[in-house]
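J.: Residue numbers for the sequence shown, in full-length UniProt numbering: 1 to 307. Glycine included, every Cβ here is placed at the ideal spot set by N, Cα and C. Dropping the structure in here first, questions after.
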Amino acid sequence: MIMKLQNFDYYDTARWFPNYKPYEKAILYGVTGGIPYYIEQFSPQLSLKDNLMLNFFNGNSILFNEADNLLKEEFREPGTYKEIISAIAGGKTKYTEIADSCGLKSGTLSKYLNTLMQLKIVDKKKPIGGDARKSIYYVCDLYFRFWFFFIPRNYSSILSKRIQKSFDVAVWRLINDYMGPVFETIAREFLEYRDPALPILPCEAGSWWGGNPRTKKECEIDIVITSTVDDDVVIGSCKFRNTPVGTDELELMKEYADAMGTRGGRYYYFFSASGFTEGMMAAGCDTVRLVDISSLYNFETEDSTHS
């Protein structure tokens with residue numbers, strides 16, 4: 001039976017590896033989900049890349065085999081569940097997309113999804129204040145998400161040990177893509193539980209997606225937090241990439257907030273793994289808050305919401 005033990009949040013996970021750089025601490029959380037047993041497999045004496053190679057991209061390692069073992073132990077049809085998780089991790093997030101990808105009838109799929117949600121491997125979310133019919137599914141267990149994002153596509157090279165030569169191209173080159181949603185989770189945890197200067201009393205936290213009246217295209221806001229006392233809202237943008245965030249992102253978030261239709265005051269938060277441009281730094285103020293990745297880990301000693 002899959003046991004869901006209490007996991008650490010992003011900040012407490014980082015305490016295990018104080019010498020890692022902030023982006024490495026974020027990735028550590030993104031691959032272990034803060035589960036103590038998984039974190040214990042990593043050595044503080046090894047680099048992050050070496051730890052990943054040893055613990056995930058090694059056919060004899062615990063974490064390489066853990067996902068398969070847990071699914072075989074829990075389910076009589078592990079292959080079907082594995083296919084569903086793989087489809088969601090690969091970007092099939094709508095109910096019909098998952099059913100089509102796995103070749104399952106609609107009524108049959110719901111049974112599998114409900115089981116995966118009960119086990120907290122998969123979850124469902126809808127836009128904040130939006131239509132439940134727009135709900136999507138995602139892999140909420142970060143260990144499973146990382147495993148299904150990287151292991152199946154590299155399975156043969158892992159077993160043949162060729163992955164040791166191709167790691168940078170096959171894995172590390174894609175790590176920013178993987179970390180995008182993880183960074184959103186980290187930023188949301190920071191805002192809800194760690195930010196010493198959050199300007200609203202949080203009520204509901206999530207994200208929003210819907211139509212943009214100007215472009216007639218779908219747009220998405222990474223983080224939306226509503227207030228318990230008024231119509232004020234926090235709008236968050238998260239970028240885990242190698243380039244600094246500029247004022248174009250600020251203008252985009254203002255446009256997306258208009259599309260969302262917020263009624264009260266807006267507080268914009270921008271989270272970046274690679275800092276901000278000079279123009280964006282100049283735009284920082286009480287309602288435009290800039291949080292670089294290092295500030296997520298040292299907020300106890302400095303005001304992290306203003307740059």
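Using only alpha-carbon positions, find the residue among Lys120, Val224, Met179, Arg76 that is nearest to Ile128.
T.: Per the Cα distances, Val224.
J.: Look at the alpha carbon of Gly59 and the alpha carbon of Ala282, and state the distance between them as a whole number of angstroms.
T.: 50 Å
J.: What does DSSP give as the partner residue(s) for Tyr23 in the beta ladder?
T.: Its beta-bridge partners do not exist; DSSP assigns none.
J.: Across which residues does DSSP place Tyr268 in a beta bridge pair?
T.: Ile235, Val288
J.: Please name the residue or residues paired with Phe276 in a DSSP beta bridge.
T.: Val245
J.: On the DSSP letters alone, give me the boundaries of the alpha helix (DSSP H) that Asp50 sits inside.
T.: 48 to 55
J.: Could you check the C-alpha separation between Ile98 and Lys126 for me, to the nearest Å?
T.: 17 Å
J.: With DSSP as the reference, label Gly210 as helix, strand or coil.
T.: strand
J.: Give the C-beta separation of Leu28 and Leu48 to the nearest angstrom, bearing in mind that I take them to be a contact with Cβ-Cβ under 8 Å.
T.: 7 Å
J.: Just list the residues that DSSP pairs Asp230 with in beta bridges.
T.: Beta-bridge annotation (DSSP): Asp230 is not paired with any residue.
J.: Ends of the alpha helix (DSSP H) at Ile136?
T.: Looking at the DSSP string, Ile136 is not in any alpha helix (DSSP H); the run it does join, the beta strand (DSSP E), is 136 to 139.
J.: Pull the bridge partners of Val122 from the DSSP assignment, please.
T.: In the DSSP secondary-structure assignment, Val122 is bridged to Val139.
J.: Who pairs with Ala205 in a beta bridge, going by DSSP?
T.: Ile225
J.: Helix or strand or just coil, what does DSSP make of Lys254?
T.: In the structure shown, the three-state DSSP call for Lys254 is helix.
J.: CB-CB under 8 Å to Gly210, same chain, minus the five flanking residues each way: which ones, in chain order?
T.: Pro127, Gly130, Lys134, Glu218, Cys219, Ala259, Met260
J.: Tell me the rounded alpha-carbon separation between Ile85 and Ala67.
T.: 11 Å
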